[in-house]
Ligand code: GRF
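Residue numbers (my numbering): 10 to 233.
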């Protein structure tokens, strides 16, 4: 039976699931802004959510470089509009994953980034990238991990018939979608949901969660 079958309950349920409200880290401005690199493959709405949070002062960071693997993807258009430096590292130019990741490491290190966010990077990454940014490589995933790791997490959740799904920001480890969890937001799955409607509701929460999680990680790093 669906957890939220009465439409009048949906808004309240949504609110309840998102408690407690996400807080800003008031100690952050005493530190220099975090130099952030971002990796994206597609639309780039989470990348833009980071830019919006920085502009709003809720994330104390600077978007130093966006790397995309798909030339002409939505993230590039957003970077151009927002005037954020971006570079295409097209995975089709490499047959060996480690060599692609070596290029990513070189490019981010040349830009002196402090940390890297995988915001919809649709490639498996290797220890080359993971170890170069040990504990400073973050990923956002559209499920409540550890449920529904891997591809099409939203489809997996619908197929399983769960009543609650959500999104997770975690540190990247060698096992896919299994690194330490930094923050999560829950999203109700409605009995009327299809893939598009659930994806849209999860995306809305991702845009809140990702800047919060990055700020949380940054404050831990600066506290040593
Ligand atoms: C998000 O749902 C994220 O969880 C997943 O890829 C999607 C990227 O969306 N890893 P966008 O490109 O940021 O709009």
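The beta-carbon is built from N, C-alpha and C at its ideal position, and this holds for glycine as well.
Measure the alpha-carbon distance for residue i versus residue j and round it to whole angstroms.
i           : j           : result
residue 51  : residue 200 : 28 Å
residue 21  : residue 43  : Because residue 21 sits at a pLDDT of 45, beneath the cut-off of 50, its placement in the model cannot be relied upon, and the point is left open.
residue 77  : residue 187 : 23 Å
residue 143 : residue 105 : 21 Å
residue 86  : residue 111 : 25 Å
residue 173 : residue 55  : 21 Å
residue 67  : residue 203 : 32 Å
Assuming residue i and residue j form a contact by the criterion Cβ under 8 Å, report the distance between their Cβ atoms to the nearest whole angstrom.
i           : j           : result
residue 124 : residue 109 : So it is not a contact: roughly 20 Å between Cβ atoms.
residue 84  : residue 75  : 6 Å
residue 130 : residue 49  : 6 Å
So the candidates are the options; which of them puts its Cα closest to the Cα of residue i?
i           : options               : result
residue 119 : 149, 73 and 163       : 73
residue 224 : 102, 164 and 145      : 145
residue 183 : 97, 135 and 46        : 135
residue 185 : 205, 133, 141 and 204 : 133
residue 126 : 107, 99, 79 and 181   : 181
Look up residue i in the DSSP assignment and say whether it is helix, strand or coil.
i           : result
residue 139 : helix
residue 78  : coil
residue 89  : helix
residue 114 : helix
residue 223 : helix
residue 119 : helix
Measure the Cβ-Cβ separation of residue i and residue j and say whether it is below 8 Å.
i           : j           : result
residue 138 : residue 114 : yes
residue 149 : residue 178 : yes
residue 218 : residue 128 : no
residue 170 : residue 194 : no
residue 216 : residue 192 : no
residue 65  : residue 93  : no
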